Amino acid sequence: IFTGLFLAMHYTSDTTTAFSSVTHICRDVNYGWLIRYLHANGASMFFICLYMHVGRGIYYGSYTYLETWNIGIILLFAVMATAF
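Heads up: the sequence shown begins at -15 in the working numbering, then just goes up one per residue.
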């Protein structure tokens, strides 16, 4: 979350300047390239852990607890939608 906040301070989401803001972060901001890669790899690791957690739930049969399972699946889709 902290890396995302730092990146958001330097990022512009306009279609004409988005790429140049990313290159600005990587080239001109002190350790911006490191923050960007930490953010990308941290998000990937978060989703890997999330999918492993779902896989563990399937392996151990946690889907039999329907209310808990449904809330978990709703949270999974919400996290996937926010990341998209």
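No residue lacks a Cβ here, since even glycine has one placed at the ideal position from N, Cα and C. None of these values were measured; they are calculated from a predicted model.
Item checked: Extent of the continuous alpha helix (DSSP H) to which T(-13) belongs -> For T(-13), the enclosing alpha helix (DSSP H) begins and ends at -14 to -6.
Next item on the list: List the whole-angstrom C-beta distance separating F(-10) from I32, where the pair is believed to meet the contact cut-off of C-beta under 8 Å.
Entry: Wrong, their Cβ atoms sit about 23 Å apart, outside the cutoff.
Next item on the list: In angstroms with no decimal places, state the Cα-to-Cα distance between D(-2) and I9.
Entry: 15 Å
Checklist line | Nearest-angstrom Cα separation, counted from L34 out to S4 | finding: 32 Å
Checklist line | Run of the alpha helix (DSSP H) containing N54, from where it starts to where it stops | finding: Boundaries of the alpha helix (DSSP H) harbouring N54: 50 to 67, taken from the DSSP string.
Notebook entry, point to check: Nearest to L59 by alpha carbon, out of Y43, V38, I(-15)?
Noted result: Per the Cα distances, V38.
Next item on the list: Can you give me the Cβ contacts of A27 inside the same chain, cut-off strictly under 8 Å, excluding the 5 residues immediately before and after it?
Entry: A67
Next item on the list: Assign F41 to one of three DSSP states: helix, strand, or coil.
Entry: Here residue 41 turns out to be Gly, not Phe, going by the sequence shown. Reduced to three states, the DSSP call for G41 is helix.
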